[in-house]
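Protein chains in written order, with this note's numbering: chain A, 1 to 575; chain B, 576 to 820.
Glycine is no exception: its CB is placed at the ideal position from the N, C-alpha and C atoms.
Keep in mind it's a predicted model, so treat the numbers as computed, not measured.
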Ligand SMILES: Cc1cc2nc3c(=O)[nH]c(=O)nc-3n(C[C@H](O)[C@H](O)[C@H](O)COP(=O)(O)OP(=O)(O)OC[C@H]3O[C@@H](n4cnc5c(N)ncnc54)[C@H](O)[C@@H]3O)c2cc1C
Ligand code: SF4
Ligand code: FES
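Right, here's the structure in full:
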């Protein structure tokens, strides 16, 4: 079928829903999502959304913007960070006004807690900035926004998976979409398309990300020839549940939890004397890996899958049950541990993609020289860039709502003055043929390729990465992309064929793994989450620039885009 | 350890009954049942269909009946449902919703009932300043109800729905309670037509099955009773009768 809308929003997480609410005010808008909206991974976010409300102590958007820039190791575009911090305040009030059940201060205001890298007065000490709803802030955002969409009769296409982008030169004219229920391939014509497809942590073995986080948006755009920005910067969150990667929010440390090595030492004292356990994530993850590699992990064998302990038992049962109830539940379910009594075994877990689809502050896809008309991105799949080389906790949820809203607004205006572009309706037939081909002949199962990709990326493009390892990773991923050609869908059914989609998702992850590994190997410095023992220092002279990596067959070509350092001069980063 | 997953399989085009198929695999006792299902679909039998996403019990995708009880596959460890080597774990789709294929059910009816209670803030008054004020005590009154992830486990477990498929079901009442007890919302009045009707709150007979299976540990039956009480109070104050009477 061919559908026609003014605006198509791809993705129903925080970014997509906010954009839909804004665009939908005036433009005929559809939201396409491969998951039921409420299943989106925004619902997993725990700790909070950062905004300088000053409900607990003095705070200013300017301090928030500065922390964001410094936290991102100065690879942040500073005007964008200023917008983020300033608009965060109104957006959080707006969420409350729409019904979000924030936790409250005794005075009845939105409660705020401390979070890593968020400081008072340009680094003097931790500040209460993270607005939270217990430890399920993301779920509350997702619910609130979805409920507002119900109220406003937003048009949803649930379990529709976008598989291709339709371009007319550098103008977006629509998308090609696979419908799970029927197996049909549809064309959605649109004047504007926003990608808000979320993250791609599933390229790693240990990850906090949902199984659905396969980077479909960035991969689809990359295959259409659009370069991806700063893909070498992938955040490893310091505290994932050992072996599983399930996230233990930084909020636990915000409430006073501490990290301990096998000797019972509070090792962060040695790495970040002022901010201690609340230093930014890249630093804490490196500290944990260093402890492990020097034999002070719990097992003590110096292997990268060793772990350390996160202790919250001294906080007392009341705090644990009221401030981090879900965390307590995860620990009981998956570890048979009660965090009010015992420490939790944790290790770094692949968490957040700082890089992604390059955009400007209106969400327009902007590759430095070219603006793709009618093509937008927001949320984790986009790179504005407000997170630079390392995102601060609570800044993703802000990013979703601030830039989701801005993109939605811009789209609403943009579509008023343009007509639909031409689409090749044959594109649906062509994609059907591709799916049919996947179903012919017998071939390999996807499982082994999936596991190998995840092991390679975790071992060789992890917290620490070196030249040799990364070259091996590039070669290994190339090989896996070849092997992928032999994967076939066993399931010949038309309806509810989840296997077709899972295999297309694996292809997306492989493409993004390649771009990530090549971008990482290319950047010869250490900055934020990109830490190279062979180039241990930040090199502003050579590398204060964004990477733009373009996929072309099995090659990735690299270009650059300048960083906006208009407000604060880059300085060494100490905490 | 070796386990046998005995899975309900039903063709997407068939309307009749499905059948059970056994898969033998090696899993760690601490692996999730979901890990087993993923292993089967990626390595053994690509035709197996089920929903999943977050893999840690927060998105509500993978509620199913495991050894007869509604659970999330991602929140159920192998050791929770087996005792020894070679044990069989029987996995079936949820009840009271049409099977689409294998372990996937059609949640449309469930969501329609959810939407019918107007699950969104209907504000009491205009916002005076930045945020509406709400005391921690007021906030605590509806905390439990905000935990729902719409997984439908309760809807499947509810014995009332066996005989009365039109009952709005436990989760919809939880969604209503979320707002009825929120000091910022107009509350009951806006939702009375649905809640205080023949198929609203009244069919609930306090079987407690929903509470027993809820993976978010929501005391659903209690919330239903609180809502019933609120309705009675409201009607009494006006000298009116509830739909139950
Ligand atoms: C466990 C965890 C905890 C976190 N905690 C915090 C926190 O406390 N604070 C914070 O700021 N950040 C946190 N984050 C990060 C933050 O939650 C995410 O970055 C953010 O929610 C991503 O939102 P999104 O809207 O971009 O994407 P998502 O919420 O992931 O939504 C993606 C949407 O895209 C759809 N989609 C994907 N591919 C396709 C396709 N091909 N076709 C159609 N639809 C598609 C999906 O169905 C989904 O609706 C956390 C992340 C994790 C994993
Ligand atoms: S109330 Fe519990 S069982 Fe019912 S849908 Fe919500 S989370 Fe699931
Ligand atoms: S996969 Fe999300 S609840 Fe189980």
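Neighbouring residues, chain B, relative to residue i (Cβ below 9 Å)
i	result
residue 155(A)	Here the premise fails: no neighbours, minimum Cβ distance about 14 Å.
residue 248(A)	Going along chain B, no residue has its Cβ under 9 Å from residue 248(A), so there is no contact; the nearest lies around 11 Å.
residue 496(A)	587, 624, 675, 676, 677, 679
Chain-ordered neighbours of residue i on chain A, where CB pairs are closer than 9 Å
i	result
residue 716(B)	Going along chain A, no residue has its Cβ under 9 Å from residue 716(B), so there is no contact; the nearest lies around 11 Å.
Cut-off 7 Å between Cβ atoms - residues of its own chain near residue i, not counting five sequence neighbours on either side
i	result
residue 749(B)	720, 723, 793, 795, 798
residue 667(B)	583, 639, 640
residue 343(A)	260, 309, 310, 311, 313
residue 660(B)	576, 577
residue 349(A)	206, 207, 208, 236, 237, 240, 245, 247
residue 449(A)	480, 483, 484, 487, 506
residue 777(B)	818, 819
Chain B residues whose Cβ lies nearer than 7 Å to that of residue i
i	result
residue 242(A)	Under the 7 Å cutoff, chain B gives no residues; its nearest Cβ is about 11 Å from residue 242(A).
residue 61(A)	Under the 7 Å cutoff, chain B gives no residues; its nearest Cβ is about 14 Å from residue 61(A).
residue 39(A)	628, 634, 635, 636
Buried versus exposed, by CB contacts within 10 Å (16 or more), residue i
i	result
residue 132(A)	buried
residue 429(A)	exposed
residue 567(A)	exposed
residue 336(A)	exposed
residue 43(A)	buried
residue 740(B)	exposed
residue 176(A)	buried
residue 419(A)	exposed
residue 497(A)	buried
residue 595(B)	exposed
residue 782(B)	exposed
residue 69(A)	buried
residue 417(A)	exposed
Sequence-distant residues of the same chain with beta carbon closer than 6 Å to residue i, five excluded per side
i	result
residue 611(A)	The structure shown has nothing for residue 611(A), since chain A only spans 1 to 575.
residue 694(B)	750
residue 277(A)	253, 258, 259, 268
residue 628(B)	634, 636
residue 624(B)	676, 677, 679
residue 9(A)	16, 19, 20, 31, 194
Cut-off 8 Å between Cβ atoms - residues of its own chain near residue i, not counting five sequence neighbours on either side
i	result
residue 801(B)	752, 756
residue 548(A)	227, 228, 229, 358, 367, 368, 558, 559, 560, 561
residue 774(B)	739, 741, 742, 743
residue 672(B)	680, 681, 682, 684, 685, 727, 730, 731
Nearest residue (CA-CA) to residue i, options the options
i	options	result
residue 649(A)	180(A), 144(A), 98(A)	No statement about residue 649(A) is possible, as the shown extent of chain A runs from 1 to 575 and does not include it.
residue 438(A)	483(A), 322(A), 500(A)	500(A)
residue 105(A)	677(B), 670(B), 710(B)	710(B)
residue 352(A)	381(A), 329(A), 362(A), 273(A)	381(A)
residue 533(A)	520(A), 390(A), 119(A), 158(A)	520(A)
residue 283(A)	19(A), 112(A), 491(A), 530(A)	530(A)
residue 818(B)	812(B), 780(B), 769(B)	769(B)
residue 427(A)	168(A), 329(A), 285(A)	168(A)
residue 650(B)	370(A), 571(A), 573(A), 330(A)	330(A)
residue 377(A)	3(A), 14(A), 1(A), 5(A)	14(A)
residue 735(B)	761(B), 780(B), 762(B), 699(B)	780(B)
Proximal chain A residues relative to residue i, where beta-carbon distance stays under 7 Å
i	result
residue 888(B)	Because chain B here runs from 576 to 820, residue 888(B) falls outside it and cannot be looked at.
residue 695(B)	99, 147, 148, 150, 151
Beta-carbon neighbours of residue i, restricted to chain B and to distances below 8 Å
i	result
residue 43(A)	629, 633, 634, 724
residue 490(A)	620, 621, 622
Practice problem: Identify each residue in the segment 623-643 of chain B for which the Cβ-Cβ distance to at least one residue of chain A is less than 9 Å, and report them in chain order. | Solution: Within the segment 623-643 of chain B, the residues whose Cβ lies closer than 9 Å to any Cβ of chain A are, in chain order, 623, 624, 625, 626, 627, 628, 629, 630, 631, 632, 633, 634, 635, 636.
Self-check item: Interface residues of the segment 84-114 of chain A facing chain B [CB-CB below 9 Å]
Solution: 89, 90, 92, 93, 96, 97, 98, 99, 100, 101, 102, 103, 104, 105, 106, 107, 108, 109, 110, 111
Quiz prompt | Residues of the segment 119-141 of chain A whose Cβ lies closer than 8 Å to any Cβ of chain B, in chain order | solution = 133, 134, 136, 139, 140
Quiz item: Along the segment 324-356 of chain A, what residues have a CB closer than 7 Å to any CB found in chain B?
Solution: 330, 333
Quiz prompt | Under 9 Å (Cβ pairs) to chain A, residues found in the segment 787-798 of chain B | solution = 791, 792
Quiz item: When Cβ atoms are compared, which residues of the segment 150-175 of chain A fall closer than 7 Å to chain B?
Solution: For the segment 150-175 of chain A, the beta-carbon criterion of a distance under 7 Å to any beta-carbon of chain B is satisfied by 150, 151.
Quiz item: Which of the residues in the segment 697-711 of chain B, read from start to end, lie with their CB under 7 Å from any CB of chain A?
Solution: 702, 705, 706, 707, 708, 709, 710, 711
Exercise. Report the residues of the segment 22-35 of chain A with a CB closer than 9 Å to any CB of chain B, ordered along the chain.
Key: 35
Exercise. Please name the residues in the segment 227-241 of chain A whose beta-carbon is closer than 8 Å to at least one beta-carbon of chain B, in chain order.
Key: none
Quiz item: Using a Cβ cut-off of 9 Å, which residues of the segment 447-477 of chain A contact any Cβ in chain B, in chain order?
Solution: 447, 448, 450, 451
Quiz item: At a Cβ cut of 8 Å, what residues of the segment 499-528 of chain A count as close to chain B, listed as they run along the chain?
Solution: With the criterion set as a beta carbon lying under 8 Å from some beta carbon of chain B, the members of the segment 499-528 of chain A are 499, 502, in sequence order.
Exercise. Return the residues of the segment 395-410 of chain A that lie within a Cβ-Cβ distance of less than 8 Å from chain B, sorted by chain order.
Key: none
Quiz item: the segment 583-608 of chain B: which residues have C-beta closer than 7 Å to a C-beta of chain A, in chain order?
Solution: 587, 588
Quiz item: At a Cβ cut of 8 Å, what residues of the segment 202-218 of chain A count as close to chain B, listed as they run along the chain?
Solution: 210, 211, 212
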